[in-house]
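**Student:**
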Amino acid sequence: MKALRRFTVRPQLPEQLQPLGSLIRNLRWSWHPASQDLFADIDQDLWEKFDGDPVKLLGAVSVARLEELAGDQGFLDRVRGLAADLDSYLTEPRWYQQQIEEVGPDLGEPGRRALPKAIAYFSMEFGVTEVLPIYSGGLGILAGDHLKSASDLGVPIIGVGLLYRFGYFWQSLSGDGWQQEHYFAHDPQGLPIDRVLDANGEQLTISVAMPGGRELTARVWQASVGRVPLLLLDADIEANDDELRATTDRLYGGDQDHRIKQELLLGIGGVRAVNAYCEITGHPLPEVFHMNEGHAGFLGLERIASVISSDGLSLAEAVTAVRAGTVFTTHTPVPAGIDRFPMDMVRHYLDADGEGVSKLVPGVKVDDILAFGAEDDPHRYNMAHMGLRLAQRANGVAKLHGVVSRDMFAGLYPGFEPSEVPIGSVTNGVHLPTWAAREMYDVAGDMAGWRDLASAEDWPEGDRVSNERLWHLRQTLRGRLIDMARVAVKESWLQRGRSSAELGWTSTILDPKVLTIGFARRVSTYKRLTLMLRDPARLKKILLDPDRPVQIIIAGKAHPADEYGKRFMQETVRFADDPEIRHRIAFLPDYDMGMASILCAGADVWLNNPIRPQEASGTSGMKAALNGVLNLSISDGWWDELYDGHDGWTIPTADGVTDEHRRDDLEAAALYDLIETRVAPLFYERPRDDRPDGWVDTVRHTLSYLGPRVQATRMVRDYVNEYYSPAATFSRAITTDLTVAKELSTWKDRVRAAWPAVRVVNVDTSGIGTEPSLGNVMAVRAFVDLGGLLPEDVEVQTVTGRVDDNEQLHEITVVPMDVIQGGTDGAEGDGFRYEAQLPLTRSGPVGYTVRVLPRNGLLASPAELGLIVTA
Ligand SMILES: *Cc1c(COP(=O)(O)O)cnc(C)c1O
1 MKALRRFTVR PQLPEQLQPL GSLIRNLRWS WHPASQDLFA DIDQDLWEKF
51 DGDPVKLLGA VSVARLEELA GDQGFLDRVR GLAADLDSYL TEPRWYQQQI
101 EEVGPDLGEP GRRALPKAIA YFSMEFGVTE VLPIYSGGLG ILAGDHLKSA
151 SDLGVPIIGV GLLYRFGYFW QSLSGDGWQQ EHYFAHDPQG LPIDRVLDAN
201 GEQLTISVAM PGGRELTARV WQASVGRVPL LLLDADIEAN DDELRATTDR
251 LYGGDQDHRI KQELLLGIGG VRAVNAYCEI TGHPLPEVFH MNEGHAGFLG
301 LERIASVISS DGLSLAEAVT AVRAGTVFTT HTPVPAGIDR FPMDMVRHYL
351 DADGEGVSKL VPGVKVDDIL AFGAEDDPHR YNMAHMGLRL AQRANGVAKL
401 HGVVSRDMFA GLYPGFEPSE VPIGSVTNGV HLPTWAAREM YDVAGDMAGW
451 RDLASAEDWP EGDRVSNERL WHLRQTLRGR LIDMARVAVK ESWLQRGRSS
501 AELGWTSTIL DPKVLTIGFA RRVSTYKRLT LMLRDPARLK KILLDPDRPV
551 QIIIAGKAHP ADEYGKRFMQ ETVRFADDPE IRHRIAFLPD YDMGMASILC
601 AGADVWLNNP IRPQEASGTS GMKAALNGVL NLSISDGWWD ELYDGHDGWT
651 IPTADGVTDE HRRDDLEAAA LYDLIETRVA PLFYERPRDD RPDGWVDTVR
701 HTLSYLGPRV QATRMVRDYV NEYYSPAATF SRAITTDLTV AKELSTWKDR
751 VRAAWPAVRV VNVDTSGIGT EPSLGNVMAV RAFVDLGGLL PEDVEVQTVT
801 GRVDDNEQLH EITVVPMDVI QGGTDGAEGD GFRYEAQLPL TRSGPVGYTV
851 RVLPRNGLLA SPAELGLIVT A
């Protein structure tokens, strides 16, 4: 008989075991081996059966066993010791508290560097542990690593996301290698989360207005990620009708209408949940709001509405105030990857009243909101454009991705060079305690000289770790991967309809001594899962090489609606099914965080071959690097900036080749060449003790060079220093005294109104004679009509650079000009004279021009208003 609904009854722990409850409730255990070992010792079989899920374990363990443990002094001592350890982790001062000390007490002085009292971080998905299935891939895992690293550093973040009833799908294969998707319902009581209770002891709920007078209500749960609360909104409650109840049923599984409801709930409901949470618990209110991708963009609307209603600001003033404290991170380098909704759909949900004011976002006109998401196509609402308009600071996720993003969004800043578009970059990172195998901790500690791994900027003591020790470690991790892979391949064949009796061969596939290449990621066209199959005969030869064999382990999920992706997967699976090579290549179904941690650690080489520059950052190669795995990658994402010639291999790209088939042929050939001539020879060169010392040296360099750089704690420190702190500084200056917001907003209006009249009337030069030569100083003078603005409102600049045949400037240098004479200048009308001295520092064809930009200490970038006048 099928149950209508399910729920989980939580066990009563004996008094002495109470601290076990708090050890399980806080997800710190998911990156803390000693806590995991303790749970495993409760019941080894159940721990394995439930794949390391302590909530399920505790739900299943017998009362007799719990009573036995309650009388076991050794166990109780461990419980108490770990509870005390967790308590100090949660309360002791960490890196952030040290920063606050350095900045000094907060005297509320405007303009002084501030560190935010709290930051809210919004994301559609969070990959904290596979036990909390609210993530699909890289974006979510990055968000999870962000929270964990913030916790390790003591950064006061509050995460905000959605609780999905079915999460993402579980993957298996059909007999012919086609992806099958399965969804399992999770009841919240069976997950490691708690209710957030309101003042009446009821579970907190928030609601968001829906068209037709309906309300979308969600209850609020909290996952505790170390020191960081993660608030999760769950619409699966009786207050909602069936359609609204389904809002949080699954991640990325619905149509656009389903998706926009999710994003409205996350953005608007999320801000309401954070405010209520802070009021209930006394947690400081966030001063900075971080949108992890455009999905979270609607949070800006709710904050605008709330400053309008509480502080009586105009829309323009409210936008100015909200922008100052908002950070937007974009994750996609391809326009097709941007989240966009039909304009009419957004209009429908904004739901105008008779005055054109939105019922969803009270106090704001629907047309004004629609303008935030405007793009070239008038029928589309662009969430990235909204992110850029509502956040004063924006970034891509690797240096190269910053360059690509500035290009991609240059259209929003006409007249500026792409390099001046106000989008920076913070390179992604991964959380070491989550992704480094536990055997690595001591090695990392030795290499870092036992400084705090979360804040150490380098690991200078790599030589402390012997070749013997490193090689032993690599063998151990490879062995663990192969054990896991054999079991996974057998299970997969059972799901594909074979019987155990015909699967004996799976227990001997793969060889613990053979060079192992790992490749696992979301199956999406640009990641090119099948590049390695470009020349199947050549790949086969590489796998079966008698002296230097290679084996490949592959995993990844295709989006349920992605037929192409599924076809690529099937092609790979069928290739691997070939009895001639199935002992050297395997596809493992259901890639998730648990599998990733074994796969990224156990391979010798981590392969990454996206189409450059479509991989914004990529993070699996970073997980690999933290385990001494060598990267073999296209120069894209994070690898483009962190390959130093000694930490792995870069696959040459066929730059400039426009025929994509030819490009793939060339890049695949380059990949085969590298494996045959560089990778395999280094791995199999064994000068003594059957140990590849050259390889091990590269492993050591990978660890000591990349170790400190690929960590998410480095990323979070960068966000604090370059984004959160400046945002808090500006936000405080603007919001502690709202007249500042008003003045800034009035100033912007005045500048915008005057701008059409601003022009560079004339420019002349002197000092270079008829034959300019290096070392001459050129005096540039310009007469500029400011259209009624004052010199303090603008910056006038000379721009010099190399000039091409089309008179375009390149490699520009910008020098501000000084005002030398002001006011009314008779014949020439209202205007100001400017001058700059420019030493000629480059030979060849050079050019210059003069331009005028708005200037204000509260602009994060001169390009922010998108206003510029060039001579
Ligand atoms: C790390 C990880 C990803 C992201 O890897 P990329 O290299 O960014 O593609 C995706 N899925 C899982 C399960 C992961 O652990």
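Residues in the sequence shown are numbered consecutively from 1, following full-length UniProt numbering. Glycine is no exception: its CB is placed at the ideal position from the N, C-alpha and C atoms.
#1: In the DSSP output, which residue or residues are listed as bridge partners for residue 179?
#2: By Cβ distance below 6 Å, which residues in the same chain neighbour residue 622 in space, the five residues on each side in sequence not counted?
#3: Assess, as a yes-or-no matter, whether the segment 717-737 is touched by the segment 670-681 under the definition of 3 or more beta carbon pairs within less than 8 Å.
#4: Is it true that the segment 589-600 meets the segment 638-645, where meeting means three or more beta-carbon pairs spaced less than 8 Å apart?
#5: Could you tell me if residue 770 is buried or exposed, where buried requires 16 or more neighbouring beta carbons within 10 angstroms of its beta carbon?
#6: From what residue to what residue does the beta strand (DSSP E) around residue 343 run?
#7: Could you pull the DSSP bridge partners for residue 365 from this structure?
#8: Leaving out the 5 sequence neighbours to the left and right, which residues in its chain are closer than 8 Å to residue 827 when beta-carbon positions are compared?
#9: Please determine, among 210, 459, 221, the residue with the shortest C-alpha to C-alpha distance to residue 240.
#10: Hey, residue 84 and residue 23 are a contact pair by Cβ (cut 8 Å); roughly how many whole angstroms apart?
#11: Would residue 63 be called buried (16 or more neighbouring beta carbons within 10 Å of its own) or exposed?
#12: Please confirm if the segment 241-257 is in contact with the segment 145-160, defined as three or more CB-CB distances below 8 Å between the two stretches.
#13: My understanding is that residue 519 touches residue 554, with C-beta atoms under 8 Å, so please give their C-beta distance in whole angstroms.
#14: If I follow the unbroken alpha helix (DSSP H) through residue 546, where does it start and stop?
#15: Can you tell me whether residue 345 sits near ligand 1, meaning its C-beta is under 6 Å from at least one heavy atom of the ligand?
#16: Would you say the beta carbon of residue 596 comes nearer than 6 Å to a heavy atom of ligand 1?
#17: From which residue to which residue does the beta strand (DSSP E) around residue 215 run?
#18: Between the segment 316-331 and the segment 393-403, do at least 3 Cβ pairs fall closer than 8 Å?
#19: According to DSSP, is residue 569 part of a helix, a strand, or is it coil?
#20: For a quick check, are the C-beta atoms of residue 297 and residue 387 less than 7 Å apart?
#21: Could you give the first and the last residue of the continuous beta strand (DSSP E) run that contains residue 389?
#22: Excluding the five sequence neighbours on either side, which residues of its own chain have a C-beta within less than 8 Å of the C-beta of residue 858, listed in chain order?
#23: In chain order, what residues of the same chain lie with their CB nearer than 7 Å to the CB of residue 784, ignoring the 5 residues before and after it?
#24: Going by alpha carbons, who is nearest to residue 224 out of 192, 9, 607?
#25: Indicate, with yes or no, if ligand 1 has a heavy atom lying under 6 Å from the CB of residue 144.
#26: Give me, in chain order, the residues of the same chain whose beta-carbon lies closer than 8 Å to that of residue 494; leave out the 5 immediate sequence neighbours on both sides.
#27: Determine the contact status of residue 356 and residue 365, defining contact as a CB-CB distance below 7 Å.
#28: Can you name the start and end residues of the beta strand (DSSP E) that residue 606 belongs to?
#29: Bridge partners for residue 801 per DSSP, in chain order?
#30: Is the beta carbon of residue 206 sitting closer than 7 Å to the one on residue 118?
#31: Among the residues of its own chain, which have a CB less than 6 Å from the CB of residue 820, if the five just before and after it don't count?
#32: How big is the Cα-Cα spacing for residue 842 and residue 803?
#33: If you compare alpha carbons, which of 810, 845, 779 is closest to residue 816?
#34: In this structure, how does DSSP classify residue 210 when only helix, strand and coil are distinguished?
#35: Tell me whether the segment 455-471 and the segment 699-718 touch, counting them as touching only if at least three CB pairs, one residue from each stretch, are closer than 8 Å.
#36: What span of residues does the alpha helix (DSSP H) with residue 64 cover, start to end?
**Tutor:** According to the data block:
#1: As a first step, residue 179 is located in the sequence shown; it is residue number 179 there, counting from the start. DSSP output for residue 179 lists 173 as bridge partner(s).
#2: By one-based count along the sequence shown, residue 622 stands at place 622. Excluding residues within five positions, the ones whose Cβ falls inside 6 Å are 430, 710.
#3: The segment 670-681 makes no contact with the segment 717-737: fewer than 3 CB pairs, one atom from each, lie closer than 8 Å.
#4: Contact between the segment 589-600 and the segment 638-645 is absent, because fewer than three Cβ pairs lie under 8 Å.
#5: Residue 770 sits at position 770 when you count from the first residue of the sequence shown. By the 10 Å Cβ count, residue 770 comes out exposed.
#6: Locating residue 343 in the sequence shown gives position 343, counting from the first residue. Note, residue 343: premise wrong, no beta strand (DSSP E); alpha helix (DSSP H) at 343-350.
#7: For this step, residue 365 is matched to residue 365 along the sequence shown. Answer is 357.
#8: Within the sequence shown, numbered from 1, the residue matching residue 827 stands at position 827. Low local confidence applies: a pLDDT of 42 at residue 827 is under 50, so the model's placement there is unreliable, with the coordinate-based value given in what follows. Nothing meets the Cβ criterion.
#9: The sequence position of residue 240 within the sequence shown is 240, counting from 1. The shortest CA-to-CA distance from residue 240 to any of 210, 459, 221 is the one to 210.
#10: As a position in the sequence shown, residue 84 is number 84, starting the count at 1. As a position in the sequence shown, residue 23 is number 23, starting the count at 1. The Cβ separation is near 11 Å, so there is no contact.
#11: Here residue 63 refers to the residue found at position 63 when the sequence shown is read from its first residue. When all chains shown are included, residue 63 counts as exposed.
#12: Per the Cβ contact rule, the segment 241-257 is not in contact with the segment 145-160 (fewer than 3 Cβ pairs under 8 Å).
#13: Translated into the one-based positions of the sequence shown, residue 519 becomes position 519. Translated into the one-based positions of the sequence shown, residue 554 becomes position 554. Their Cβ separation, rounded to whole angstroms, is 5 Å, which keeps residue 519 and residue 554 in contact under 8 Å.
#14: Residue 546 sits at position 546 when you count from the first residue of the sequence shown. Per DSSP, residue 546 belongs to no alpha helix (DSSP H) and is neither H nor E.
#15: Looking up residue 345 in the sequence shown gives position 345. No, the beta carbon of residue 345 sits no closer than 6 Å to any heavy atom of ligand 1.
#16: Numbered from 1 along the sequence shown, position 596 holds the residue referred to as residue 596. Checking every heavy atom of ligand 1 against the Cβ of residue 596, one is found closer than 6 Å.
#17: Numbered from its first residue, the sequence shown carries residue 215 at position 215. Residue 215 -> beta strand (DSSP E) spans 214-225.
#18: Yes, since at least three Cβ pairs between the segment 316-331 and the segment 393-403 fall closer than 8 Å, the two stretches touch.
#19: As a position in the sequence shown, residue 569 is number 569, starting the count at 1. Of the three classes helix, strand and coil, the one that applies to residue 569 here is helix, per DSSP.
#20: Your numbering for residue 297 matches position 297 in the sequence shown. Your numbering for residue 387 matches position 387 in the sequence shown. The answer is yes: Cβ separation under 7 Å.
#21: Residue mapping note: residue 389 aligns to position 389 of the sequence shown, counting from 1. Careful: residue 389 lies outside any beta strand (DSSP E), inside the alpha helix (DSSP H) at 383-390.
#22: In the sequence shown, the residue the question calls residue 858 occupies position 858. So the qualifying residues of the chain are 324, 730, 733, 734, 740, 744.
#23: To locate residue 784, count along the sequence shown from 1; it is residue 784. Excluding positions up to five away in sequence, the list reads 760, 761, 796, 831, 832, 834, 852.
#24: Start at 1 with the first residue of the sequence shown, and residue 224 comes out as number 224. When only C-alpha atoms are compared, the closest one is 192.
#25: Counting from 1 along the sequence shown, the entry for residue 144 is found at position 144. Not so, every heavy atom of ligand 1 lies at least 6 Å from the Cβ.
#26: Counted from its first residue, the sequence shown places residue 494 at position 494. Answer for residue 494: 500, 503, listed in chain order.
#27: Taking the sequence shown and counting its residues from 1, the one referred to as residue 356 is at position 356. Taking the sequence shown and counting its residues from 1, the one referred to as residue 365 is at position 365. Yes, Cβ-Cβ distance for residue 356 and residue 365 is below 7 Å.
#28: Here residue 606 is taken as the residue at index 606 of the sequence shown, counted from 1. Element bounds for residue 606: 605-608.
#29: Your numbering for residue 801 matches position 801 in the sequence shown. Paired residue(s): 847.
#30: For this step, residue 206 is matched to residue 206 along the sequence shown. For this step, residue 118 is matched to residue 118 along the sequence shown. Taking 7 Å as the Cβ cut-off, residue 206 and residue 118 do not qualify as a contacting pair.
#31: For the purposes of this step, residue 820 is identified with residue 820 of the sequence shown, where counting begins at 1. Same-chain partners within the cutoff: 833, 835.
#32: Your numbering for residue 842 matches position 842 in the sequence shown. Your numbering for residue 803 matches position 803 in the sequence shown. So the alpha carbons of these two residues sit roughly 12 Å apart.
#33: What you label residue 816 is simply residue 816 of the sequence shown in a count that begins at 1. Per the Cα distances, 779.
#34: Position 210 of the sequence shown, counted from the first residue, corresponds to residue 210. In the structure shown, residue 210 sits in a strand (DSSP, three-state: E or B).
#35: yes
#36: Residue numbering aside, residue 64 sits at position 64 when the sequence shown is read from its first letter. That run of the alpha helix (DSSP H) goes 63-70.
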